[in-house]
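Here is the structure we will look at, set down as structure tokens.
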Amino acid sequence: MTEASYLREKLESISPTERVERIVVQRFAVPLLQALGFDESEIREEFETGCGQVDLAARKNVDPEDIFLRSPKNPYLLLEAKSRAVNLREGSYYRDAVCQIESYLLAKNCKSAKWGIITNANNIQLWRKHGKVVHPATANLDISSDNIESIVRNLRDKIENYERALTVCMYNNKGGVGKTTTVINLAATLATKRKKVLVVDFDSQGDLTRSLEATPGKITLTQCLKDPKIDVHAIVQTYKLKGFSIFDIIPRDPELETLTDSRAVAYIPKGTRRLRDLIAPLRNEYDYILIDCPTQWLYFSQSGVFAADVILIPTRPDDLSSLNNAARVITSFVPETARSRQDGGPIALPTFFNGVSSGSEYTIRLAHEEIQKLINQEKSVDLRPYFWPHFKKGNENKSIFRIPDYAVISSAKFARIPAVFKDRRVLEYYQSLAREYFIDE
Amino acid sequence: MSEFSDLGRLVNLPLESITPADGFSAPSFLVAAAADQLRATGGHNWVPLLVVEAGDYQYKAIGNHFVYAVAQEAGLERLWCIVVDPDPEQVKQAQILAKEIVPKVNLTNTSRETILAALRYLAEQPSSPLKGVDVTIAAARIAEADRSWWQDLTPITKLGCKITRGKKLDALSEVFFVTPTALPPTLKKSSKRSAASAGAKKATSTRSRKKGES
């Protein structure tokens with residue numbers, strides 16, 4: 001009997017109304033981990049994450065002297081189980097379980113963990129950790145006897161083939177929020193942290209390409225979009241400073257402008273889904289792929305959001321429209337894209353204030369009032385974690401990460417060189433942005 | 442329609458990414474002359490090929506096959522296409538509208554007018570096997586018959602309208618299908634009989650019980 005068919009048999013042995021979590025752990029979660037390739041000595045129950053006990057943790061035993069069951073350190077995968085009485089399909093219990101697996105994955109004893117699973121034997125979802133980002137690696141799947149084997153195959157394939165890159169799309173439906181400046185300086189900052197970074201200028205205006213004085217080669221991004229047979233490596237260039245390679249860039253080419261006309265988009269096979277395929281061969285070659293998109297929910301931004309694991313949304317506290325548009329991205333565009341992708345992604349990261357001037361506390365207070373209004377008005381999505389990620393019951397912390405205007409203005413001054421290389425304070429600001437969102441150090 | 446789906450979109454595809462339909466054939470004169478016209482007018486096919494997605498960057502032609510044959514003859518490398526929903530019923534609808542296949546109607550409940558129109562359509566086809574059949578009379582007799590229980594088209598052969606088994610009846614299956622909505626008369630009778638006998642039995646048993654009680 002294969003592990004998958006054993007798992008199916010075990011699944012069928014659990015009562016549809018089973019209220020005891022332990023039964024789900026024993027009869028489903030443990031056989032599931034076995035079907036995912038972990039043997040008994042590689043699975044540990046009630047693992048102490050440093051932020052509470054997770055039901056199961058697993059890691060392959062590579063060194064015969066280091067058996068995970070005996071020495072429960074450096075887990076690779078965590079599993080949090082619930083009883084079948086807990087609704088994990090949607091709603092508050094599902095959201096609580098997501099928060100729980102996220103906090104476990106980010107806890108101090110789980111630095112090595114890359115994957116998290118939440119399941120109640122009715123539903124299952126795989127989550128991936130990349131640095132400080134935890135994002136869905138599958139949709140929240142309904143489990144049945146008929147599909148459990150294909151679910152196991154899908155999960156195992158992902159777990160055994162961890163992709164190196166996190167793809168981040170910088171997007172707000174409102175312009176003037178410093179998307180391009182953020183992409184350039186974040187890329188340069190991540191590069192200083194020895195991360196291999198690729199930036200994609202997917203804005204037909206080409207501000208990013210111009211800022212870095214990059215020029216497209218013989219083969220262009222537009223040609224590559226049109227012809228899936230072209231090797232994407234042909235359009236990757238390296239941004240160098242004083243002879244040192246800093247990060248790679250796929251520059252914008254003039255023909256990209258034609259894609260603002262929907263008739264020209266007809267020449268792009270798979271349309272808005274093409275960019276995701278185009279960068280797919282690069283996902284194991286970089287730590288971060290940053291996509292710069294224009295405003296307006298049209299071809300370029302739809303492609304960028306569709307290609308991404310996560311969306312980073314800059315806003316400006318002195319531009320209330322940027323807050324409204326950020327909310328629209330979170331409540332409408334991102335869920336719409338996720339419905340089409342059917343793999344759980346992309347998700348929006350919490351927003352941040354870009355270009356905060358000193359002495360603008362009154363402006364920030366007004367921005368917070370606007371955010372409160374948006375949270376109160378929105379019924380379909382809880383906007384609070386996207387604007388106030390540190391807000392908790394009993395600690396109504398409404399802090400929002402800020403990049404001061406000094407950094408943004410400096411970036412404009414050093415147009416052809418990322419400001420982080422010219423000004424130490426600017427580097428520190430963007431380092432704190434990288435630490436806030438991405439780098440776990 | 443989602444921004445992330447090509448369904449319903451007019452797309453320009455490389456000819457090599459499209460698998461043509463099996464068995465399509467058109468007279469070489471028509472294909473060659475149409476190819477000349479297509480080349481002479483800049484090679485933009487205004488009538489699109491109908492395709493469904495058949496894999497990653499692969500498509501299968503499902504309608505307007507003549508366009509594919511002409512484009513290939515004209516040496517075009519790319520072709521304007523409409524991406525159709527791959528659901529079989531949607532593909533069928535597209536093929537009907539492109540006149541690739543003939544639509545069928547359910548003969549068990551269709552109207553006299555539709556039956557007459559369908560028979561006329563068949564009779565007007567070149568080398569139609571219905572030559573010699575009076576379609577007006579045939580339509581009237583079919584319409585008058587109790588068709589609700591028909592499980593195939595053979596009851597037509599008993600209506601005395603010169604539609605016999607073989608080519609004539611086969612021709613009708615091009616435009617008609619049958620999905621019965623009632624039981625055949627024989628079954629109806631037997632089910633009535635069994636209901637009646639069940640009732641009689643019940644009456645008998647009631648009587649005998651009453652007898653016993655007395």
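Line by line, the protein sequences give chains A and B.
Going by our numbering, the first residue of the first sequence is number 1, and it counts up by one from there.
Going by our numbering, the first residue of the second sequence is number 442, and it counts up by one from there.
Glycine included, C-beta positions come from ideal geometry on N, C-alpha and C.
Here the structure is a predicted model, which is why all the values come from computation and not from measurement.
A Cβ-Cβ distance of about 17 Å is found for the pair A:Ile250 and A:Leu166, leaving them out of contact under the 8 Å criterion. Of the residues A:Leu282, A:Glu18, A:Cys293 and A:Val152, the one whose Cα lies closest to the Cα of A:Ser204 is A:Cys293. Between the region 338 to 353 of chain A and the region 208 to 223 of chain A, the count of C-beta pairs closer than 8 Å stays below three; the two stretches do not touch.
Going by C-alpha positions, B:Ile503 is about 28 Å away from A:Arg276. When only Cα atoms are considered, A:Glu40 and A:Ile330 end up about 42 Å apart. Judged by their CB atoms, B:Arg582 and B:Leu600 are nearer to each other than the 7 Å cut-off. Distance between A:Tyr362 and A:Leu323, taken at the CA atoms: about 16 Å. In this chain, the beta strand (DSSP E) harbouring A:Asn354 covers Phe352 to Val356. Shown here, A:Pro136 sits in a strand according to DSSP, grouped into three states. Annotation: the continuous beta strand (DSSP E) that includes A:His130 extends over Asn123 to His130.
Under the DSSP assignment, B:Asn453 falls outside any alpha helix (DSSP H), being part of the beta strand (DSSP E) whose first and last residues are Leu451 to Pro455.
A:Ser410 sits buried, since 16 or more C-beta atoms from the chains shown fall within 10 Å of its C-beta. The Cβ atoms of B:Thr620 and B:Asn547 sit closer than 7 Å to each other.
Within the region 498 to 520 of chain B, the residues whose Cβ lies closer than 7 Å to any Cβ of chain A are, in chain order, Tyr498. Counting other Cβ atoms within 10 Å of its Cβ, A:Pro31 reaches 16 or more and is therefore classed as buried. Around the beta carbon of A:Lys242, fewer than 16 other beta carbons lie within 10 angstroms, which makes this residue exposed.
The beta carbon of A:Ser380 sits closer than 7 Å to those of Thr331, all from its chain and outside the five residues before and after it, given in chain order.
In chain order, Arg263 and Ala266 make up the part of chain A whose C-beta sits under 9 Å from the C-beta of B:Leu451.
When secondary structure is reduced to three states using DSSP, A:Ser432 falls in the helix class. In the DSSP secondary-structure assignment, A:Val200 is bridged to A:Ile250 and A:Ile291. By the neighbour-count definition (other C-beta atoms within 10 Å, threshold 16), B:Glu530 is an exposed residue.
Between the C-alpha atoms of A:Cys110 and A:Lys132 there is a straight-line separation of about 12 Å. Contact between B:Asn453 and A:Tyr267 holds, with the beta-carbon distance rounding to 5 Å and staying under 8 Å.
For A:Gln100, the three-state secondary structure derived from DSSP is helix.
For the set A:Pro314, A:Tyr386, A:Gly344 and A:Asp261, the Cα lying nearest the Cα of A:Gly355 is the one of A:Pro314.
Against chain A, the beta carbon of B:Leu454 has neighbours under 8 Å at Pro269, listed in chain order. Cβ-Cβ distances below 7 Å link A:Arg156 to Leu36 and Gly37 in the same chain, with the five nearest sequence neighbours on each side left out; the list follows chain order. For A:Ala58, the enclosing beta strand (DSSP E) starts and ends at Gln53 to Ala58. The Cβ of B:Asp477 sits no closer than 7 Å to any Cβ of chain A.
The alpha-carbon separation between A:Ser432 and A:Phe353 amounts to approximately 13 Å.
For A:Thr209, no pairing in a beta bridge is given by DSSP. Your pair A:Tyr299 and A:Leu256 does not check out as a contact, with CB atoms roughly 10 Å apart and the cut at 8 Å. Given a length threshold of 3 residues, each whole run of the beta strand (DSSP E) inside the region 252 to 327 of chain A is given here in chain order: 288 to 292 and 310 to 312.
B:Ile578 sits exposed, since fewer than 16 C-beta atoms from the chains shown fall within 10 Å of its C-beta.
For A:Pro335, the enclosing alpha helix (DSSP H) has its first and last residue at Val334 to Arg341. By the Cβ criterion, the region 548 to 565 of chain B is in contact with the region 582 to 593 of chain B, since at least three pairs of Cβ atoms, one from each stretch, lie closer than 8 Å.
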